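Some notes on the structure that comes next.
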Amino acid sequence: MDRIALILFGPPGSGKGTQAKLLNGSLGWPHVSTGDMLRQHVQAQDELGREVAAVMHSGGLVSDELVDRLVENRLKQPDIRDGIILDGYPRTVAQAGVMSKLLAARGFRPVVVHLKVDYNKIVARLSGRRLCPQCGSLYSLASNAPTVSEVCDYDGARLIIRDDDREDVVRHRLEAYDSQTLPILDYIREAGITYYEVESTEGTPAEIAQRVCAVLPAAEGTAPAAR
Ligand code: ADP
Numbered sequence: 008m009d010r011i012a013l014i015l016f017g018p019p020g021s022g023k024g025t026q027a028k029l030l031n032g033s034l035g036w037p038h039v040s041t042g043d044m045l046r047q048h049v050q051a052q053d054e055l056g057r058e059v060a061a062v063m064h065s066g067g068l069v070s071d072e073l074v075d076r077l078v079e080n081r082l083k084q085p086d087i088r089d090g091i092i093l094d095g096y097p098r099t100v101a102q103a104g105v106m107s108k109l110l111a112a113r114g115f116r117p118v119v120v121h122l123k124v125d126y127n128k129i130v131a132r133l134s135g136r137r138l139c140p141q142c143g144s145l146y147s148l149a150s151n152a153p154t155v156s157e158v159c160d161y162d163g164a165r166l167i168i169r170d171d172d173r174e175d176v177v178r179h180r181l182e183a184y185d186s187q188t189l190p191i192l193d194y195i196r197e198a199g200i201t202y203y204e205v206e207s208t209e210g211t212p213a214e215i216a217q218r219v220c221a222v223l224p225a226a227e228g229t230a231p232a233a234r
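Structure follows, in structure tokens:
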């Protein structure tokens, strides 16, 4: 039986990161986020981090070659066994082509889940987003606020607003999504990759995760049920 690569697809602010974390908890598959990997390099101020910092802060896209290499290396790690959850990759048609090859070579069957959201809600949602710089927990002031304002529930760290959640940057990210990422859907159709849409504008993160899990069993034939 093929193992599944669940590819969470959707605009910035559609909740890919939140869903990936929830599904990682229920399915046990590693959460592979290119955004998180890139941010780790930026924080470490290593060579790669210095190379990508400016383009990330402006809301533009990092080069395909660099991101493809990051994912390829990540797929070599031993925790990648039963399945994976890809978040933020692929983001261009060229990356989608590389992804198909990388996954096929490792016996993964790609299943794309498109988190559909109302664009008008995205800007509001992102400007209310907070991140714990220590443990990576995500909060939303509207739907998932921390118990104590601006403080992480898990480790007490002061929450931060990501630079690229500022409104002008969010608009730039949405433009990049429209022009460079949405065309991937044509590629997915032509390549015959399994594809589902999940309505994500309404509902709590847990409810949306249930909708995602509900489409997965049909994709595989046997249910990787949420534990
Ligand atoms: P979001 O999905 O909320 O936009 P991410 O954390 O996925 O945020 O990505 C943050 C930034 O990292 C992007 O704006 C982009 O600059 C860069 N990035 C992440 N993934 C990719 C990718 N697959 N290709 C190119 N750039 C990427």
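In this text, residue positions in the sequence shown follow the working numbering: the first is 8, and each later residue adds one. All C-beta atoms in this analysis are idealised placements derived from N, C-alpha and C, irrespective of residue type, glycine included. Predicted model only: the values in this text are computed from it and were never measured.
1) Is CYS196 close to ligand 1? I mean its beta-carbon at under 7 Å from any heavy atom of the ligand.
2) May I ask you to list the residues that DSSP assigns as paired with ILE167?
3) Here's the rule: buried if 16 or more other CB atoms are within 10 angstroms of the residue's CB, otherwise exposed. What is ILE215?
4) Could you tell me which residues DSSP puts in a beta bridge with ALA12?
5) Would you call the segment 106-113 in contact with the segment 137-156, where contact means no fewer than 3 C-beta pairs closer than 8 Å?
6) Spatial neighbours of VAL59 within its chain, please: C-beta separation below 8 Å, excluding the five flanking residues on both sides.
7) Quick check: does the Cβ of ARG98 come within less than 7 Å of any heavy atom belonging to ligand 1?
8) Would you mind giving the Cβ-Cβ distance between GLY17 and HIS121, rounded to the nearest angstrom? I have them listed as a contact below 8 Å.
9) Between the Cα of ALA198 and the Cα atoms of GLU204, PRO190 and VAL205, which residue gives the shortest distance?
10) Is DSSP giving SER65 helix, strand or coil here?
11) Do TYR202 and VAL78 count as a contact pair if the criterion is CB distance below 8 Å?
12) Could you check if ASP171 belongs to the surroundings of ligand 1, using beta carbon to heavy atom distance under 7 Å?
13) CA-CA distance, PRO19 and ALA183?
14) Let's see if you can read the secondary structure: which residues bound the alpha helix (DSSP H) around TYR203?
15) Would you call the segment 122-139 and the segment 84-102 touching, i.e. three or more CB-CB distances under 8 Å?
16) Say whether the segment 81-98 touches the segment 25-41, bearing in mind that this needs 3 or more beta-carbon pairs closer than 8 Å, one atom from each stretch.
17) State the DSSP-derived secondary structure class of LEU189, mapped to helix, strand or coil.
18) On the DSSP letters alone, give me the boundaries of the alpha helix (DSSP H) that SER33 sits inside.
19) Are the beta-carbon atoms belonging to GLY90 and VAL176 less than 8 Å from one another?
20) In terms of DSSP beta bridges, what is SER107 paired with?
21) Buried or exposed for SER144, please, with buried defined as at least 16 other CB atoms from any protein chain shown within 10 angstroms of its CB.
Reading it off the structure:
1) Sequence index remark: in the sequence shown, residue 196 carries index 189 (1-based). Here residue 196 turns out to be Arg, not Cys, going by the sequence shown. No, ligand 1 has no heavy atom inside 7 Å of this Cβ.
2) Here the question's residue 167 lines up with position 160 in the sequence shown. Answer is LEU138, bridged to ILE167.
3) For the purposes of this step, residue 215 is taken as residue 208 along the sequence shown, with counting starting at 1. Buried, by the Cβ-count rule.
4) Translated into the one-based positions of the sequence shown, residue 12 becomes position 5. Its beta-bridge partners are ILE91 and PRO117.
5) no
6) Walking along the sequence shown from the start, residue 59 turns up at place 52. Same-chain partners within the cutoff: LEU45, HIS48, VAL49, VAL69 and LEU73.
7) Counted from its first residue, the sequence shown places residue 98 at position 91. Yes, Cβ of ARG98 sits closer than 7 Å to a heavy atom of ligand 1.
8) Residue mapping note: residue 17 aligns to position 10 of the sequence shown, counting from 1. Residue mapping note: residue 121 aligns to position 114 of the sequence shown, counting from 1. That belief holds up - the Cβ atoms of GLY17 and HIS121 are roughly 6 Å apart, short of 8 Å.
9) One-based indexing of the sequence shown puts residue 198 at position 191. It is PRO190 whose Cα lies nearest to the Cα of ALA198.
10) Along the sequence shown, read from residue 1 onward, the residue named residue 65 stands at position 58. SER65 falls in the helix class under three-state DSSP.
11) Sequence index remark: in the sequence shown, residue 78 carries index 71 (1-based). Sequence index remark: in the sequence shown, residue 202 carries index 195 (1-based). No; because the gap between Cβ atoms is not below 8 Å, this pair is not in contact.
12) Counting from 1 along the sequence shown, the entry for residue 171 is found at position 164. Checking every heavy atom of ligand 1 against the Cβ of ASP171, one is found closer than 7 Å.
13) Against the sequence shown, residue 19 aligns to sequence position 12. Against the sequence shown, residue 183 aligns to sequence position 176. If I take the Cα positions, the gap works out to 10 Å.
14) Reading the sequence shown from its first residue, position 196 is the one you call residue 203. Element bounds for TYR203: not the alpha helix (DSSP H) but the beta strand (DSSP E), 201-206.
15) no
16) yes
17) Taking the first residue of the sequence shown as 1, we reach residue 189 at position 182. Here LEU189 sits in coil by DSSP.
18) If you number the sequence shown from 1, residue 33 lands on position 26. From DSSP, the alpha helix (DSSP H) with SER33 extends over 23-34.
19) As a position in the sequence shown, residue 90 is number 83, starting the count at 1. As a position in the sequence shown, residue 176 is number 169, starting the count at 1. Cβ distance not < 8 Å, so GLY90 and VAL176 don't count as in contact.
20) Start at 1 with the first residue of the sequence shown, and residue 107 comes out as number 100. BP columns for SER107 are empty, so no partner.
21) Your numbering for residue 144 matches position 137 in the sequence shown. Classification of SER144: buried, given that the 10 Å Cβ count is 16 or more.
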